[in-house]
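Take the sequence shown: its letters are residues -16 to 110, numbered as in the working numbering. Ideal placement from N, C-alpha and C gives every residue a C-beta, glycine not left out.
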Amino acid sequence: MKERIVKEWFERGEQNLEVAKLLFDKEKYFDAILFHIHRAVEKYLKGVLIYNGWELKKIHDLEMLITESMDFDNTFEGYLDFGRKLTGFYYEERYPPGHIPSYSKEEVGEVLKTAEDVIERLKEVIT
């Protein structure tokens, strides 16, 4: 049962990551790309946390989720700053008003690469 739930979280996270990559290839909507990257990392984190007995909390703060994941794997501590940064992007996109933030392709590309690294590490935890 737990494996099926984790699989569903990972599948949804993978969809968010694919949407981010499609938009990145179009070189448009970099703010929306960051939003989808956040959603992908969040879903993978929640899947791993659930796998490790965590009770689902409807939160979006990646720093908090990463901190909770450190209870079973302290190597995630290295991703705290990334989680903090990505959560900031998420809230900028999710809660206007204000201008649409502008990000460079290089900046978004770095975030995407780090997200892929984090996701690969999360996948390793349960395999």
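Would you kindly work out how many angstroms separate the C-alpha atoms of residue i and residue j, rounded to a whole number?
i, j, result
"E119", "S85", "Any answer about residue 119 is impossible in this case: the structure gives the chain only from -16 up to 110."
"Y73", "H43", "9 angstroms"
"E(-3)", "P79", "26 angstroms"
"H19", "K68", "14 angstroms"
"L105", "L28", "7 angstroms"
State the DSSP-derived secondary structure class of residue i, mapped to helix, strand or coil.
i, result
"G36", "coil"
"D56", "coil"
"I16", "helix"
"E46", "helix"
"H82", "coil"
"E(-6)", "helix"
"K11", "coil"
By a C-beta neighbour count over all protein chains shown, 10 Å radius and 16 as the cutoff for buried, is residue i buried or exposed?
i, result
"H82", "exposed"
"S52", "buried"
"N(-1)", "buried"
I think residue i touches residue j, with their Cβ atoms under 8 angstroms apart; what is that distance to the nearest whole Å?
i, j, result
"I16", "V91", "5 angstroms"
"V31", "L45", "In fact, because the Cβ distance is near 13 angstroms, the residues do not count as touching under 8 angstroms."
"K26", "W(-8)", "5 angstroms"
"T123", "F65", "It is not possible to answer for residue 123, since the shown part of the chain is limited to -16 through 110."
Ends of the alpha helix (DSSP H) at residue i?
i, result
"I102", "88 to 109"
"F65", "63 to 77"
"K41", "No alpha helix (DSSP H) contains K41, which DSSP labels as neither H nor E."
Is there a Cβ from chain D that is less than 8 angstroms from the Cβ of residue i?
i, result
"K106", "In the structure shown, chain D does not exist; there is a single protein chain."
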